[in-house]
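Peer 1:
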């Protein structure tokens, strides 16, 4: 899937919310691979699509108890990007996936994908 800019600054249409309710979705936009997922109560979440532990695609994971689960080593991620690791060993991880502001508008998921402060867009 590819995100579609709409001309409103850094807002990008990522995908249909119905798809996200089924399973996490991988969306590539503006040079970034993102995972889009939803909690049981319908909150949408968008992160970089990369587990910091084994560089697995988080979009191949699943949602359990409102946490995104990486299928490689079972690390879990909360809606704000907080992480829990089996055994609590996070110190050797790569940078954590960045969460992005996301919302539902109509039947679509949108996100603000502006670069992190001090980083370029690519």
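Residue numbers (this note's numbering): 564 to 685.
All C-beta atoms in this analysis are idealised placements derived from N, C-alpha and C, irrespective of residue type, glycine included.
Grouping DSSP H, G and I as helix and E and B as strand, with all else coil, what is residue 602?
Peer 2: In this structure, residue 602 counts as coil in the three-state DSSP scheme.
Peer 1: Return the first residue and the last residue of the alpha helix (DSSP H) that residue 687 is part of.
Peer 2: No answer is possible for residue 687: it lies beyond the span of the chain, which begins at 564 and ends at 685.
Peer 1: In angstroms with no decimal places, state the Cα-to-Cα distance between residue 636 and residue 617.
Peer 2: Distance between the alpha carbons of residue 636 and residue 617 is about 8 Å.
Peer 1: What's the gap between the Cα of residue 604 and the Cα of residue 650?
Peer 2: Roughly 29 Å between the two C-alpha positions.
Peer 1: In three-state terms, what does DSSP make of residue 649?
Peer 2: The answer is helix: DSSP assigns residue 649 an H, G or I state.
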